[in-house]
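What follows is a single structure, written as structure tokens, with notes after it.
2 protein chains.
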Amino acid sequence: MSRLLIANAQVLQVSPTGSNVTILEEQDVLVNGQRIEAVHPTAAVDPSHFDTVIDAHGMLVAPGLINCHAHVPMVLWRGLAEDASIDRWFNDLMWPLENNLQPEDVYWGMLLGLIEQIESGVTSVADHYFHMAHAARAVEQIGARALLGYAMFGSQGLNMIEETASFAQDFQGAAHGRIRTIMAPHAPYTCNDDFLRATAQIAQKLGVGIHIHVSETPQQTIASYRKRGITPLQVLQQTGVLDVPTILAHVCGATPADIRLLEQYDTGIAHAAKTYLKLGETTAPVIEFRAAGIPVGLASDGVVSNSTLNLWETLRLMALTQKARTGMGETLPIAETLAIATHGSAKVYGQPNELGAVTPGYLADLVLIDLSGTHHQPLYNVGASLVYNLQSTDVRTVIIDGQVVMRDRQLLTINKAEVIAQVRSRMDRLSYLDPAKRIQTYDN
Amino acid sequence: MSRLLIANAQVLQVSPTGSNVTILEEQDVLVNGQRIEAVHPTAAVDPSHFDTVIDAHGMLVAPGLINCHAHVPMVLWRGLAEDASIDRWFNDLMWPLENNLQPEDVYWGMLLGLIEQIESGVTSVADHYFHMAHAARAVEQIGARALLGYAMFGSQGLNMIEETASFAQDFQGAAHGRIRTIMAPHAPYTCNDDFLRATAQIAQKLGVGIHIHVSETPQQTIASYRKRGITPLQVLQQTGVLDVPTILAHVCGATPADIRLLEQYDTGIAHAAKTYLKLGETTAPVIEFRAAGIPVGLASDGVVSNSTLNLWETLRLMALTQKARTGMGETLPIAETLAIATHGSAKVYGQPNELGAVTPGYLADLVLIDLSGTHHQPLYNVGASLVYNLQSTDVRTVIIDGQVVMRDRQLLTINKAEVIAQVRSRMDRLSYLDPAKRIQTYDN
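Chains as they are written, first to last, in my numbering: chain A, 8 to 451; chain B, 8 to 451.
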């Protein structure tokens, strides 16, 4: 197995409860194969015992960020659905644009988005999209970690559940275990109860979870309640979706009763603060979820709503918007914000005891951050700088599953110029807009 | 006079009303001395006619950003007042910390903050702080543009008005015109009516404006109304402050009647969206100000509340928070957001016909932006990328008053390592915290 030494680093330690942040000084981080073997004060070591030695003097080693809900290949349409509320965003822009999607586009879009993620220190992604065998090929090639769900709408019929279940079965544990799979029905408003029930049953059978959009807005909650007397989360409960581990995207329209309901299940919330602001939506009750013990993790959603896949921005906006909605600067303090970004996201992603911390035995998904930039000076408060000051270019080196995939901002596993050229060659075809040809209709 | 050619660039053009954004392709920008001489399609020119030639192929030339309200030297305490609401922020943290300030600290803090500004493409700043002759020295040395106001509290007595007026008189037009001055009483809640009235009279006499904090929160508006039956903006009206050109910082607590009042005066609003979020405050009614024809410009405030001086983040958060507060993704569209960042800020800053546009005759305060990064790809929409995707490191080259102050991210007018070392050497003394020794008390 390959051995890596990160020498003479600072190491970020965040308590799982979010009560404190500690910076360990002058540490060596030893990586053996996929996992962290040891973290200890810098000692004289024989470099010949290691395949790779990174001198991390002046760098902070932190866990790679985990993106708990994305549609990475949507980078293909970056900037094409601006200044729109959710109805127009879906019906006039995104769903017509997605009518242009071809399977091979997913491969190149996934690669471009994974490059953007790696360049900003995001090492894992729970991706929810179409033609996912092509996404898996990109994940394997670039060396990323991913939890892949093949998205489906109820209108595609029950056969689609079989097809996406085959994907989930075939790719479980692929890429030497870096790929896990999950079932991915779109939302209660695009999948009827029979469809959700059948999905839950097959997820049970395969031993996988479910990743779904739910209660994206209070309006959706109200619409569901008016139509059928129950909230979208109650729909998930009644159809058995909550009986498997779930990733619930957004949940901005959760009622207090919904939160009590969720307390009883193995579920986590994926939170995409920038997207909510950009669409003019109400943000989610993050502090209420936390108070109820429901895990919260960071999410980028797709870049057509979020503009980028930079999770540091999500992290920052989550803290800022929770302060604003409560009217208190004390809300979501730095340590708790970082706990959500690390332990919380690892829990939502489904690998709480092996991701999200620089700890022996954990998977070696690590980023080296340079805090010497002017925007961090003078550096009294490392935690504050990570939450409120960091620019993604401060992330210099990224390690996933023990492999260095970016070193001093040079990508080592992919030809970026080729990926960008491939995506650019698709721009004309992909940006053709015919609102009559949308893949679904949004009417919530 | 020195002649500069920026060759083969894209050029950003924003309509003053915010109705559209245009990107001119393959342009040459000719600078003669302090000013832009011409902008025209790239033509064969003889480089020997220019002192400096910058090949800007693949770069976007945009106006430098204008920071309409800051306390730049507060970088000295970056990260020392986190997770606090406004009362605690002032009384337990910032005002005790400022008790440690010595005049020479202002010089080094100003330099550090100006470096951060230049590195993120901010070329002008309306700064409101203490010991401003030291700030002016830093501005002159680094080659920045600034509108300097020597901050004062009513508790310092009427003599302080004379002292700060002397500063305003002595430094008006300094640094070859890059420095302008303004009177800077702190706020209606820290300056009584006599003090404000005397300040307004001296500003009239000197022919300068007034830069003041006002209605920072709705609570301040309510407190003023309860105490004396008028709002803080009515106080400014009654004391004559609004009879000179004013920069009003924040104004988050403006009532509809206040907005109608402001319509009648030569005033502008400095907007610091990130600070409001971070302190858990209500943001300002930016779209209502715009609808009433009141100019709005971007502001960083001090980094002890805002964490950084990166105005691209303010610009982004202004658009996002206005969308959120109106519940509409259509609010503050990209072109209008960029108009606020350029023409709007130039108007608030008091140089509307010579800053904020890449136009012949305007002062040559320009930034070259590289949009080739992954986070902009594929680049369908330059305006969207500027507002929602840009990282400050995308700003590669900065020109102020015709002088190149940063080229391909190398600072040309200052020794950054020395500045950082000087600031670091002051950290222990400046961070000493004794809440009993605050410079003022906040009780609004």
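The C-beta atom is built at its ideal place from N, Cα and C for all residues, glycine as well.
This structure is a prediction, so every number in the text was calculated from the model and none was measured.
Could you name the residues of the same chain whose beta carbon sits closer than 6 Å to that of Ile347 of chain B, not counting the 5 residues immediately before and after it, in chain order? The residue labelled residue 347 of chain B in the question sits at position 340 within the second sequence. Correct list, in chain order: Val303.
Since I believe Tyr369 of chain A is in contact with Asn107 of chain A (beta carbons under 8 Å), could you give me their beta-carbon distance rounded to a whole number of angstroms? Looking up residue 107 of chain A in the first sequence gives position 100. Looking up residue 369 of chain A in the first sequence gives position 362. The Cβ separation is near 41 Å, so there is no contact.
Would you say Gln384 of chain A faces chain B, with C-beta separation under 8 Å as the test? Looking up residue 384 of chain A in the first sequence gives position 377. It does: the Cβ of Gln384 of chain A has a partner Cβ on chain B nearer than 8 Å.
Determine the contact status of Leu430 of chain A and Leu100 of chain A, defining contact as a CB-CB distance below 8 Å. Position 423 of the first sequence holds residue 430 of chain A. Position 93 of the first sequence holds residue 100 of chain A. Correcting the residue type first, residue 430 of chain A is Val in the shown sequence and not Leu. Not a contact, by the Cβ cut-off of 8 Å.
Over what stretch of residues does the beta strand (DSSP E) that includes Thr366 of chain B continue unbroken? As a first step, residue 366 of chain B must be located in the second sequence, where it is residue number 359. It is not in any beta strand (DSSP E) - Thr366 of chain B carries neither H nor E in the DSSP assignment.
If you check the beta carbons only, do Gly336 of chain A and Thr349 of chain A fall under 8 Å apart? The residue labelled residue 336 of chain A in the question sits at position 329 within the first sequence. The residue labelled residue 349 of chain A in the question sits at position 342 within the first sequence. Result no, Cβ atoms of Gly336 of chain A and Thr349 of chain A do not sit closer than 8 Å.
What are the residues in the stretch 114-134 of chain B lying within 7 Å of chain A by C-beta distance? Flagged, chain order: Leu119, Ile122, Glu123 and Glu126.
So, at 8 Å on beta carbons, what are the nonlocal neighbours of Ala299 of chain A in its own chain, with the 5 sequence-adjacent residues on each side left out? Sequence index remark: in the first sequence, residue 299 of chain A carries index 292 (1-based). Counting only Cβ-Cβ distances below 8 Å, and skipping sequence neighbours, we find Ile266, Arg267, Leu269 and Glu270.
List the residues of chain A that Gly214 of chain B touches, going by C-beta distances under 8 Å, in chain order. Position 207 of the second sequence, counted from the first residue, corresponds to residue 214 of chain B. The contact set of Gly214 of chain B on chain A, defined by CB atoms closer than 8 Å, is empty, because the minimum CB distance reaches about 36 Å.
Does any residue of chain A bring its CB to less than 8 Å from the CB of Arg267 of chain B? Start at 1 with the first residue of the second sequence, and residue 267 of chain B comes out as number 260. Not closer than 8 Å to any Cβ of chain A, the Cβ of Arg267 of chain B fails to qualify, so no.
In chain A, which residues lie with their C-beta within 9 Å of the C-beta of Gly86 of chain B? In the second sequence, counting from the first residue as 1, residue 86 of chain B sits at position 79. Around Gly86 of chain B, the beta-carbon contacts reaching into chain A at under 9 Å are His383, Pro385, Leu386, Tyr387, Asn388, Val389, Gly390, Ala391, Ser392, Tyr395 and Asn396.
State yes or no: is the beta carbon of Ala51 of chain A nearer than 8 Å to at least one beta carbon in chain B? Mapped onto the first sequence, residue 51 of chain A falls at position 44. It does not; no Cβ of chain B falls within 8 Å.
Which residues, in chain order, does the stretch 89-111 of chain B contribute to contact with chain A at a C-beta distance below 9 Å? Taking 9 Å as the cut-off between beta carbons, the residues of the stretch 89-111 of chain B near chain A are Glu89, Asp90, Ala91, Ser92, Ile93, Arg95 and Trp96, in sequence order.
If the cut is a Cβ gap below 8 Å, which residues of chain A does Val430 of chain B touch? In the second sequence, the residue the question calls residue 430 of chain B occupies position 423. By Cβ distance, chain A contributes Gln384 and Pro385.
Residues near Asp62 of chain A by beta carbon distance below 8 Å, same chain, minus five either side: Counting from one through the first sequence, the residue named residue 62 of chain A turns up at place 55. Cβ neighbours of Asp62 of chain A beyond the five flanking positions: Ala14 and Asn15.
Do the CB positions of Val248 of chain B and Ile219 of chain B come within less than 8 Å of each other? The residue you call residue 248 of chain B lines up with position 241 of the second sequence. The residue you call residue 219 of chain B lines up with position 212 of the second sequence. Going by C-beta atoms, Val248 of chain B is nearer than 8 Å to Ile219 of chain B.
Close beta carbons around Asp58 of chain B, own chain, < 7 Å, minus the five adjacent residues each side: Working through the second sequence from its first residue, we reach residue 58 of chain B at position 51. If you ignore the 5 residues before and after Asp58 of chain B, its C-beta comes within less than 7 Å of the C-beta of Ser9, Arg10 and Leu11, all in its own chain and listed in chain order.
So, does the stretch 155-166 of chain A touch the stretch 134-144 of chain A, judging by three or more C-beta pairs under 8 Å? Proximity of the stretch 155-166 of chain A to the stretch 134-144 of chain A meets the contact definition, three or more beta-carbon pairs being nearer than 8 Å.
Alpha carbon of Asp408 of chain B to alpha carbon of Ala191 of chain A, nearest angstrom: Locating residue 408 of chain B in the second sequence gives position 401, counting from the first residue. Locating residue 191 of chain A in the first sequence gives position 184, counting from the first residue. As the crow flies, the alpha-carbon of Asp408 of chain B is around 56 Å from that of Ala191 of chain A.
Is the CB-CB distance between Thr338 of chain A and Ile376 of chain A below 8 Å? Here residue 338 of chain A is taken as the residue at index 331 of the first sequence, counted from 1. Here residue 376 of chain A is taken as the residue at index 369 of the first sequence, counted from 1. For the pair Thr338 of chain A and Ile376 of chain A, the CB atoms are not nearer than the 8 Å cut-off.
Indicate whether at least one CB of chain B lies closer than 8 Å to the CB of Ala331 of chain A. What you label residue 331 of chain A is simply residue 324 of the first sequence in a count that begins at 1. So, interface residue.
Endpoints, the alpha helix (DSSP H) within which Lys117 of chain A is located: Residue mapping note: residue 117 of chain A aligns to position 110 of the first sequence, counting from 1. Before going further, note that residue 117 of chain A is Met rather than Lys in the sequence given. First-last of the alpha helix (DSSP H) with Met117 of chain A: Pro110 to Glu126.
Report the residue from A:His383, A:Ile43 and A:Gln227 whose alpha carbon sits nearest the alpha carbon of Asp401 of chain A. Taking the first residue of the first sequence as position 1, residue 401 of chain A is located at position 394. Between Asp401 of chain A and the set A:His383, A:Ile43 and A:Gln227, the nearest pair of CA atoms involves A:His383.
With DSSP collapsed to three states, give me the class of Arg416 of chain A. Here residue 416 of chain A refers to the residue found at position 409 when the first sequence is read from its first residue. Looking at Arg416 of chain A - three-state DSSP - the assignment turns out to be coil, as it is neither helix nor strand.
Among residues of its own chain, excluding the 5 on either side of Phe178 of chain A, which ones have a beta-carbon nearer than 6 Å to its beta-carbon? Position 171 of the first sequence holds residue 178 of chain A. Around Phe178 of chain A: Ala143, Ile186 and Thr188.
Residues of the stretch 27-45 of chain A with Cβ closer than 9 Å to any Cβ of chain B, in chain order: Against chain B - using a Cβ distance shorter than 9 Å - the stretch 27-45 of chain A contributes no residues.
So Met434 of chain B contacts chain A; which residues on that side make the cut at Cβ distance below 8 Å? In the second sequence, residue 434 of chain B corresponds to position 427, counting from 1. Neighbours of Met434 of chain B on chain A, chain order: Pro385 and Tyr387.
Best match in B:Lys212, B:Leu83, B:Thr404 and B:Gly128 for proximity to Asp112 of chain B [C-alpha to C-alpha]: For the purposes of this step, residue 112 of chain B is taken as the residue at position 105 of the second sequence. Comparing C-alpha distances from Asp112 of chain B to each of B:Lys212, B:Leu83, B:Thr404 and B:Gly128 shows the shortest one belongs to B:Leu83.
Thinking C-beta only, is Ser222 of chain B closer than 8 Å to His257 of chain B? Position 250 of the second sequence, counted from the start, is the residue given in the question as residue 257 of chain B. Position 215 of the second sequence, counted from the start, is the residue given in the question as residue 222 of chain B. Taking the C-beta atoms as reference points, Ser222 of chain B is found nearer than 8 Å to His257 of chain B.
Since I believe Leu87 of chain B is in contact with Asn451 of chain A (beta carbons under 8 Å), could you give me their beta-carbon distance rounded to a whole number of angstroms? Taking the first residue of the first sequence as 1, we reach residue 451 of chain A at position 444. Taking the first residue of the second sequence as 1, we reach residue 87 of chain B at position 80. Their Cβ separation, rounded to whole angstroms, is 46 Å, which puts Asn451 of chain A and Leu87 of chain B out of contact at 8 Å.
Less than 8 Å between the C-beta atoms of Thr381 of chain B and Ile122 of chain A, yes or no? Looking up residue 381 of chain B in the second sequence gives position 374. Looking up residue 122 of chain A in the first sequence gives position 115. Yes, the pair counts as a contact, with Cβ atoms nearer than the cut-off.
Report the neighbours of Thr238 of chain A on chain C: residues whose CB is nearer than 8 Å to its CB, in chain order. As a matter of chain content, chain C is missing from the structure shown, whose protein chains are A and B.
Residues of the stretch 258-291 of chain A in Cβ contact with chain B at a cutoff of 8 Å, in chain order, please. With the criterion set as a beta carbon lying under 8 Å from some beta carbon of chain B, the members of the stretch 258-291 of chain A are Lys281, Tyr283, Leu284, Lys285, Leu286, Gly287, Glu288, Thr289 and Thr290, in sequence order.
Please report the distance separating the alpha-carbon of Ser231 of chain B from that of Thr274 of chain B. Counted from its first residue, the second sequence places residue 231 of chain B at position 224. Counted from its first residue, the second sequence places residue 274 of chain B at position 267. Rounded to whole angstroms, Ser231 of chain B to Thr274 of chain B spans 21 Å at the Cα level.
Same chain only: Cβ atoms within 7 Å of Asn27 of chain B, ignoring 5 sequence neighbours per side: Here residue 27 of chain B corresponds to residue number 20 of the second sequence, with the count starting at 1. Excluding sequence neighbours, Asn27 of chain B sits near Ala342.
Where does Val79 of chain A fall in DSSP's three states? Translated into the one-based positions of the first sequence, residue 79 of chain A becomes position 72. In the three-state DSSP reduction, Val79 of chain A falls in the helix class (H, G or I).
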